[in-house]
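There are 2 protein chains.
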Amino acid sequence: MGRSSDAKEKLIDAIIDLMWERSYGMVTIDQICQKAGVKKGSFYYFFKSKSELTMEALDAYWEANVREKLDSIFSPSKSGVQRLLDHAKFKYELTKELKERDGKILACCLFTVGQEMCNVDQDLRNKVQELLDRHMRYFVTAVRDAASEGLIQTDDIEATTACLYSCYEGMYARARIANDPEVMKDLQASYLRILGLQQAVA
Amino acid sequence: MGRSSDAKEKLIDAIIDLMWERSYGMVTIDQICQKAGVKKGSFYYFFKSKSELTMEALDAYWEANVREKLDSIFSPSKSGVQRLLDHAKFKYELTKELKERDGKILACCLFTVGQEMCNVDQDLRNKVQELLDRHMRYFVTAVRDAASEGLIQTDDIEATTACLYSCYEGMYARARIANDPEVMKDLQASYLRILGLQQAVA
DNA sequence: ACCATAGTTGACTGAATAGTAAAGTAAAGC
DNA sequence: GCTTTACTTTACTATTCAGTCAACTATGGT
Chain F
1 MGRSSDAKEK LIDAIIDLMW ERSYGMVTID QICQKAGVKK GSFYYFFKSK
51 SELTMEALDA YWEANVREKL DSIFSPSKSG VQRLLDHAKF KYELTKELKE
101 RDGKILACCL FTVGQEMCNV DQDLRNKVQE LLDRHMRYFV TAVRDAASEG
151 LIQTDDIEAT TACLYSCYEG MYARARIAND PEVMKDLQAS YLRILGLQQA
201 VA
Chain R
1001 MGRSSDAKEK LIDAIIDLMW ERSYGMVTID QICQKAGVKK GSFYYFFKSK
1051 SELTMEALDA YWEANVREKL DSIFSPSKSG VQRLLDHAKF KYELTKELKE
1101 RDGKILACCL FTVGQEMCNV DQDLRNKVQE LLDRHMRYFV TAVRDAASEG
1151 LIQTDDIEAT TACLYSCYEG MYARARIAND PEVMKDLQAS YLRILGLQQA
1201 VA
């Protein structure tokens, strides 16, 4: 079987860490290797390019950091509306924590990599698109459930979802640029507004 | 007075063109110079870094491409609601044009540069923030006018604006990643939803 | 005419970059 | 203990990159 190795995992962890700090384009293979404690020869043994590593890293990131959290926030044990409110609250809290810890609001790599590379690297675009679709599915389900629970009235579930999700991504990006977590304070109220529920619970 | 030159303008035009195609980090000074037909020595005669050029370029971009368009779309001769609907329609049309012309939806450099560099380059962050604030001011005015015209009812004009603007930026980013202008089709309906006007005009 | 000013040019440095290739090494199977 | 397999390491190449510098050139003012 030959010798075993955790170099692959270390490389994946390294690029995820680095992409939190700086954009995809500003992360070099040498930096990845140094952070992982792996020699460049080994990098090219496992991956044929940064793009290929990133594809695997995005999957791994989803499985390790995103999936479980979203499963909990969007648990079908809660009402559709409550899930969305919990999501808004969680993101607001997270943004505050990031700012407090690092002094700046680092970016989840998924959306930013997508924007940066979507017109340059087809494979990366497709991978990001796949994960964003998966992310949006939580929203769709919540909206659908809210509708069938009679909590909201909407003619077009897909459109409502698109609006909610766009609002979330846009607001998070604005918070990063402003370096101010309080930008995210409005997210919950925005969700309610979009759902046609003006001010309700907290 | 010495000899005159348009090298500065050519460099500014060049970096704007390049940033439409690829991210800030992937644009090199050599590429800028080549596109502008200007030697690197001249680059450093006018600017001390890519960051400094970019700051001037963003201002120039705003003045040359954004300001006039927004003045027209957000003309106070129209009702507040109509301005927002026109904005949504314009952005949808623009996205379709970009896709048809280039096969991909290129990014207006402002927001993308901001996201990419906000945690790396303070000066750039501030410049982008300044221009985004200016951009949002059109929205605030439209919402305020819509409210005082009695067309919408809102307790918090700032929050409504933040929601609208976030939704726009998020949706445009999603359209780029999906490489599908039809993502923007929902923008008008989203604005109405956020304003509490469900389906109305077109 | 000449001089100061404003801008241009080309050649250069050194560091960082992606990518390669060949020899080396650990572990499992026989 | 030998061999195959799976991975590691080192040393290397060839670009590309940011940034510098001194010599050169056009232009207006006097």
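These protein sequence lines map, in sequence, to chains F and R. Those letters in the first sequence? Residues 1 to 202, by the numbering used here. Those letters in the second sequence? Residues 1001 to 1202, by the numbering used here. Built from N, CA and C at the ideal position, the CB exists for glycine as well.
Short CB-CB distance (under 8 Å) between residue i and chain F
{"i": "Cys1109(R)", "result": "no"}
{"i": "Gln1031(R)", "result": "no"}
{"i": "Ile1016(R)", "result": "no"}
{"i": "Val1128(R)", "result": "yes"}
{"i": "Ser1166(R)", "result": "yes"}
{"i": "Thr1145(R)", "result": "Reading off the sequence, residue 1145(R) comes out as Asp, not Thr. Cβ-Cβ to chain F under 8 Å: no for Asp1145(R)."}
{"i": "Asn1065(R)", "result": "no"}
{"i": "Ser1190(R)", "result": "yes"}
{"i": "Asp1123(R)", "result": "no"}
{"i": "Ile1157(R)", "result": "no"}
{"i": "Ile1073(R)", "result": "no"}
{"i": "Arg1193(R)", "result": "yes"}
{"i": "Glu1182(R)", "result": "no"}
Contacts that residue i makes with chain R (C-beta to C-beta distance below 7 Å)
{"i": "Met19(F)", "result": "Chain R residues near Met19(F): none, gap ~12 Å exceeds 7 Å."}
{"i": "Gly150(F)", "result": "Going along chain R, no residue has its Cβ under 7 Å from Gly150(F), so there is no contact; the nearest lies around 17 Å."}
{"i": "Arg22(F)", "result": "Val1120"}
Terminal residues of the alpha helix (DSSP H) in which residue i lies
{"i": "Trp1020(R)", "result": "Ala1007 to Glu1021"}
{"i": "Glu169(F)", "result": "Ile157 to Ala178"}
{"i": "Val1113(R)", "result": "Cys1109 to Met1117"}
{"i": "Gly1080(R)", "result": "Gly1080 to Asp1102"}
{"i": "Asn964(R)", "result": "Nothing in the structure corresponds to residue 964(R), since chain R is present only between 1001 and 1202."}
{"i": "Asp1071(R)", "result": "Arg1067 to Ile1073"}
{"i": "Gln188(F)", "result": "Leu187 to Leu195"}
Minimum Cβ-Cβ distance from residue i to chain R less than 8 Å
{"i": "Gln34(F)", "result": "no"}
{"i": "Glu116(F)", "result": "yes"}
{"i": "Glu169(F)", "result": "yes"}
{"i": "Thr112(F)", "result": "yes"}
{"i": "Gly204(F)", "result": "Residue 204(F) is absent from the model: chain F starts at 1 and stops at 202."}
Cross-chain neighbours of residue i in chain F, by beta carbon under 8 Å
{"i": "Ala1142(R)", "result": "Those do not exist, as Ala1142(R) stays about 16 Å from chain F at its closest Cβ, beyond 8 Å."}
Cβ-Cβ separation, residue j to residue i (assumed contact under 8 Å), whole Å
{"i": "Val1113(R)", "j": "Leu1124(R)", "result": "7 Å"}
{"i": "Asp186(F)", "j": "Ala1162(R)", "result": "5 Å"}
{"i": "Tyr1191(R)", "j": "Leu1094(R)", "result": "Not confirmed; about 16 Å, so no contact."}
{"i": "Glu1064(R)", "j": "Val1038(R)", "result": "Reading the sequence as shown, one finds Ala at residue 1064(R) and not Glu. With 8 Å as the limit, Ala1064(R) and Val1038(R) do not qualify as a contact, their Cβ atoms being about 19 Å apart."}
{"i": "Glu169(F)", "j": "Phe111(F)", "result": "6 Å"}
{"i": "Ala189(F)", "j": "Ala1159(R)", "result": "6 Å"}
{"i": "Glu1116(R)", "j": "Gly1002(R)", "result": "37 Å between Cβ atoms; not a contact."}
{"i": "Trp20(F)", "j": "Leu106(F)", "result": "5 Å"}
{"i": "Lys1104(R)", "j": "Asn126(F)", "result": "Contact flag wrong, Cβ pair sits at about 14 Å."}
Contacts of residue i in chain F (Cβ-Cβ under 7 Å)
{"i": "Lys1104(R)", "result": "Asn119"}
{"i": "Asp1186(R)", "result": "Ala159, Ala162 and Cys163"}
Within chain F, the residues that residue i reaches when beta carbons sit closer than 9 Å
{"i": "Leu1132(R)", "result": "Arg174, Ile177 and Ala178"}
As an exercise, report each continuous alpha helix (DSSP H) stretch of at least 4 residues that is fully enclosed by the region 26–60 of chain F, in chain order. 29–36 and 40–46
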